[in-house]
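To keep things clear, I will list the structure first and then write my remarks on it.
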Amino acid sequence: MDLGIRGKRALVCASSKGLGRGCGEALAGAGVDLVLNARGAETLEAAAADIRARHGVQVTAVAADITTEAGRALVLAHGPFDILVTNAGGPPPGLWSDWSREDFIKALDANMLTPIALMQACLPGMMAKGWGRVVNITSVSVKSPIAALGLSNAARTGLTGFVAGTARQVAGKGVTINNLLPGIHATDRAIALDGAVVKARGISMEDAIAARAATIPAGRYGTAEEFGAACAFLCSQFAGFIVGQNVLLDGGATNSTM
Ligand code: NAP
599 MDLGIRGKRA
609 LVCASSKGLG
619 RGCGEALAGA
629 GVDLVLNARG
639 AETLEAAAAD
649 IRARHGVQVT
659 AVAADITTEA
669 GRALVLAHGP
679 FDILVTNAGG
689 PPPGLWSDWS
699 REDFIKALDA
709 NMLTPIALMQ
719 ACLPGMMAKG
729 WGRVVNITSV
739 SVKSPIAALG
749 LSNAARTGLT
759 GFVAGTARQV
769 AGKGVTINNL
779 LPGIHATDRA
789 IALDGAVVKA
799 RGISMEDAIA
809 ARAATIPAGR
819 YGTAEEFGAA
829 CAFLCSQFAG
839 FIVGQNVLLD
849 GGATNSTM
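Residue numbers (this note's numbering): 599 to 856.
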């Protein structure tokens with residue numbers, strides 16, 4: 599299916615691996631030129647070279663910490679962008695009673711204020727052109743809290759509130775903003791969380807993965823490829839009437855009617 603976005607230019611943040619890379623791959627497959635970003639230059643350059651070679655699109659790699667003002671300035675210098683996919687690493691797990699003000703500020707900076715700053719930088723150009731797509735990678739935790747990820751629950755819910763209002767303010771200019779909510783996907787992040795379970799319960803990694811997969815009606819973890827395809831569709835010409843939505847990709851794990 600031709601998504602109608604060939605030749606557009608996308609910034610995909612935190613995209614050398616995992617879900618961000620899945621989004622970059624799917625957009626490149628649709629003919630979109632990319633600016634990819636991550637902190638580690640080596641893995642990022644390798645991902646950029648691989649995507650460039652397989653999809654024949656322009657791929658620029660910008661090694662920077664997207665959660666810092668200096669990092670964002672480096673990345674945004676490669677704009678303007680028609681498509682923005684926001685993403686960053688998730689906060690560490692822990693216990694509600696242990697987090698300090700600094701822990702909360704760090705989580706808010708990474709998973710709420712950074713995507714907001716990126717939108718503030720990119721939306722005016724998109725609105726002036728009369729076309730734009732923003733997809734924020736958030737988490738299933740905004741619909742169904744994950745107790746150990748209280749920092750994530752808090753920061754991402756704040757972002758969700760911002761998007762709910764802002765998406766409706768920019769839709770009239772041909773710009774859509776939506777959030778993708780990953781449930782459990784087979785990425786390094788998921789493996790790190792499984793590692794914490796292995797340590798806490800003294801079980802094997804295989805048993806930890808099987809136990810988590812058993813909580814998902816689909817019976818397995820999602821893939822970055824599936825996630826990227828959903829992102830590319832939300833960025834397509836066909837998704838112009840999807841505004842301010844929170845789309846769950848969780849294999850049915852969130853037990854709710856709507
Ligand atoms: P991942 O496999 O660990 O990949 C994270 C990617 O982001 C890497 O490319 C990493 O590269 C980059 N990155 C991390 N922090 C960055 C920063 N400050 N600046 C720039 N790049 C950064 O993680 P993932 O599973 O794809 O998760 C992506 C997001 O979805 C996270 O926020 C995670 O919490 C959320 N999520 C994931 C799942 C899941 O099951 N996988 C479920 C719910 C929510 P560098 O380390 O080199 O910077």
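Note that the Cβ used here is the ideal one computed from N, Cα and C, for glycine as well.
Quick check: the Cα distance between residue i and residue j, rounded to an integer number of angstroms?
i      : j      : result
Glu640 : Thr855 : 44 Å
Ala806 : Val796 : 6 Å
Ala715 : Ile664 : 10 Å
Asp701 : Leu642 : 27 Å
Gln656 : Asn685 : 21 Å
Gly627 : Glu823 : 11 Å
Leu846 : Arg810 : 17 Å
Tyr819 : Ala644 : 25 Å
Asp631 : His783 : 25 Å
Val683 : Ala745 : 26 Å
Arg699 : Ala708 : 14 Å
Gly688 : Leu749 : 9 Å
Pro780 : Ala719 : 25 Å
Arg652 : Asn844 : 31 Å
Asn777 : Gly770 : 18 Å
Thr658 : Ala647 : 9 Å
Ala790 : Gly838 : 36 Å
Met710 : Gly654 : 33 Å
Gly629 : Gly605 : 6 Å
Ala812 : Ala788 : 15 Å
Thr666 : Val732 : 20 Å
Ala675 : Gly842 : 27 Å
Met717 : Ala816 : 34 Å
Ser742 : Asn853 : 9 Å
Gly622 : Asp696 : 36 Å
Among the residues of its own chain, which have a CB less than 7 Å from the CB of residue i, if the five just before and after it don't count?
i      : result
Asp786 : Lys615, Gly616
Ala624 : Gly826, Ala827, Cys829, Ala830
Gln835 : Leu601, Gly602, Ile603
Thr821 : His783, Ala784
Ala794 : Pro691
Met725 : Val768, Lys771, Val773
Within the continuous beta strand (DSSP E) that includes residue i, where are the two ends?
i      : result
Arg731 : 730-735
Arg607 : 607-610
Ile681 : 681-684
Ile775 : 773-780
Leu632 : 631-636
Leu847 : 844-847
Could you check how far apart the C-beta atoms of residue i and residue j are, in whole angstroms? I think they sit under 8 Å.
i      : j      : result
Gly723 : Gly677 : 7 Å
Ile649 : Cys833 : Between Cys833 and Ile649 the Cβ distance is about 16 Å, and since that is not below 8 Å, they are no contact.
Arg619 : Phe679 : Not confirmed; about 18 Å, so no contact.
Thr774 : Ile840 : 6 Å
Leu721 : Gly730 : 7 Å
So, for residue i: in the same chain, excluding its five sequence neighbours on each side, which residues have a beta-carbon less than 8 Å away from its beta-carbon?
i      : result
Ser802 : Val796
Asp792 : Met803, Ala806, Ile807, Arg810
Identify, in the order they occur along the chain, each residue of the same chain with its Cβ nearer than 6 Å to the Cβ of residue i, setting aside the five sequence neighbours on each side.
i      : result
Ile814 : Gly849, Ala851
Val673 : Asn635, Val660, Ala662
Cys611 : Asn635, Ile664, Thr684, Asn685
Leu609 : Val633, Phe679, Leu682
Phe760 : Ile714
Leu573 : The displayed coordinates of the chain run from 599 to 856. Any statement about residue 573 would go beyond what the structure contains.
Ala705 : Pro689, Leu749, Ala753
If you follow the alpha helix (DSSP H) that residue i is in, where does it begin and where does it stop?
i      : result
Val644 : Per the sequence shown, residue 644 should be read as Ala rather than Val. Per DSSP, Ala644 belongs to the alpha helix (DSSP H) from 639-653.
Leu674 : 667-674
Ile714 : 712-727
Asn751 : 748-768
Leu625 : 616-627
Leu791 : 786-799
Gln705 : Per the sequence presented here, residue 705 reads as Ala, with Gln not at that position. That run of the alpha helix (DSSP H) goes 699-706.
Asp805 : 803-811
Ala822 : 822-832
At a threshold of 8 Å, does residue i count as lining the ligand GTP (C-beta to nearest heavy atom)?
i      : result
Lys606 : As far as ligands go, the structure on display features the ligand NAP and does not contain the ligand GTP.
Practice task
Pair every Cβ in the region 748-756 with every Cβ in the region 764-773, then say whether three or more of these pairs are closer than 8 Å.
Solution key: no
Handout entry: Three-pair Cβ contact test at 8 Å for the region 691-700 versus the region 725-742
Key = no
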